[in-house]
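Undergrad:
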Amino acid sequence: MNFYLVDNRWMWVDLPGLGYAVVAQQQRRLWAQLIRHYLEHRPQLRLVCVLVDSRHDPSPWDMAVMELLENRQRPFVVVLTKCDKLSHPELQQRTAQLQELLQHCRYMVEILPSSARSGLGREALLAIIRRYCLAPVE
1 MNFYLVDNRW
11 MWVDLPGLGY
21 AVVAQQQRRL
31 WAQLIRHYLE
41 HRPQLRLVCV
51 LVDSRHDPSP
61 WDMAVMELLE
71 NRQRPFVVVL
81 TKCDKLSHPE
91 LQQRTAQLQE
101 LLQHCRYMVE
111 ILPSSARSGL
121 GREALLAIIR
131 RYCLAPVE
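Be aware that the sequence shown starts at 1, since it is given in the UniProt record's numbering, and climbs by one per residue.
Here it is, written out as structure tokens:
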């Protein structure tokens, strides 16, 4: 896990991804336990960004994380990555499939298409992060 202090106001925590990481099975299990424990026992969490490669269905791990967040009543945004690799109709279809799959999730803030290459979704994601992370603590 990597921790970044942002504007001396809030902490951004980058958790390892398990989707396509090339690591030993034992290391993957250890990471999964670490991530699950962090998400379950961190009451300060304001928002979780779940990154899902837009070219693939969500992995079983992605789904498990989103279910955990839903059960813990933690707001999360699904960030569809690498959207520049899809045509517009493919992206619309992928987004619709995910909305259908996650329609039961009351704590999902949004499904946000993004691309590091083109900048797609950058400003929208920053606005969501600001809204959740800079809001006064209740």
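In this text, a Cβ means the ideal position worked out from N, Cα and C, and glycines have one as well.
Values in this document were obtained by computation on a predicted structure and should not be read as measured data.
How many Å lie between ARG28 and ALA135 at the Cα?
TA: 34 Å
Undergrad: Among the residues of its own chain, which have a CB less than 6 Å from the CB of SER115, if the five just before and after it don't count?
TA: If the five residues before and after SER115 are omitted, its C-beta is found closer than 6 Å to the C-beta atoms of CYS83 and ASP84, all from its own chain and listed in chain order.
Undergrad: Taking the alpha carbon of ARG55 as the point to measure from, which residue in TYR38, LEU15, LEU91 and MET1 has its own alpha carbon closest?
TA: Comparing Cα positions, the closest option is LEU91.
Undergrad: What does the alpha-carbon distance come out to for the pair TYR107 and PHE76?
TA: 6 Å
Undergrad: Note down, in chain order, each residue of its chain lying with its Cβ closer than 7 Å to the Cβ of SER118, except the 5 sequence neighbours on either side.
TA: Here SER118 has ASP84 as same chain residues with Cβ atoms under 7 Å from its own Cβ, once five neighbours each way along the sequence are excluded.
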